[in-house]
Structure formats: C-alpha cells, structure tokens
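Take 227 as the starting number for the sequence shown in the working numbering and just add one per residue.
Just so you know, even glycine gets a beta-carbon here, dropped at the ideal spot from N, CA and C.
For reference, the structure is listed below as structure tokens.
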Amino acid sequence: MIARTMDEGESGIYRADLADILGAIPVLTDLRLTLYDEKTGTIINGRDHQSVLNANDVTYDPATGRVTWEIRTADNALVDSTRPSETHIAQFVATYNAAPARQKPWQVVIWTRNLVKV
227 MIARTMDEGE SGIYRADLAD ILGAIPVLTD LRLTLYDEKT GTIINGRDHQ
277 SVLNANDVTY DPATGRVTWE IRTADNALVD STRPSETHIA QFVATYNAAP
327 ARQKPWQVVI WTRNLVKV
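Listed below in structure tokens is the structure:
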C-alpha cells in the first residue's frame, strides 16, 4: 500500500512501476481504477471500476512497465466538507497477458486535507 497527503482540489501525478510474477514487464490487457472515500464508500469523480488503460488520465508504458495517473482536481474532491480530512482509496487492478491471465491489484491511500479557508 502506498500513501500520500494532498489538499482538496489539488492536482498531481502518481507513478507506479509494474512487474509480473517473474519480475518482467507485463503486457497489460486491462487496467481498472476505483476511487472512493474510505469512511462512506462514496465513489469519487465517477471512478468506479473505470477502464483506465491509456484512458481517463492514466497511461501505461509497455516499454518500462510504468503506470502514470494524472490526478485531477475532481479526484481530490471532499465527500463531507465538515471533516478536517478524508481518507480516499485509489484501487487499481491490472490484468496482464499470461497463461492463464493474471491480475495485480494495489491500493493508494490519499489523505485529503480540507482547506477550510484559502
């Protein structure tokens, strides 16, 4: 699990390098992202099992195995503005071509701070 702190509405970049069970760069056939508030389960920015393989602000470089997510301001929206902070979970699931097909799930925890007055 990877964790980072961001302010509400902040843009950013998240990167991860993938490897298959043998340590080689995988050939992805699918990549999904679910982004939700940990406390309420509310889906954030419509990212509910969203297809993100070179789409929807996420890219995958098959030469390096690097996943890059351009985090948009809507990805850091607060669910409840009365809380001083929220814990958001970005859950990725990569499916790669092997015999049989395999999956690599991982999570990114984003502590989102409420900027009460800016």
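- When the alpha-carbon of His-275 is set against those of Ala-316, Asn-340 and Ile-297, the nearest one is in Ala-316.
- Within its own chain, the residues whose Cβ lies closer than 7 angstroms to the Cβ of Arg-309, once the five positions on either side in sequence are excluded, are Asn-340, listed in chain order.
- Distance from the CA atom of Ala-242 to the CA atom of Arg-292, rounded to whole angstroms, is 6 angstroms.
- When the beta-carbon positions are compared, Ile-228 and Val-334 come within less than 7 angstroms of each other.
- Shown here, Asp-243 sits in a strand according to DSSP, grouped into three states.
- With contacts defined by Cβ atoms closer than 7 angstroms, Ala-325 and Leu-254 do not form a contacting pair.
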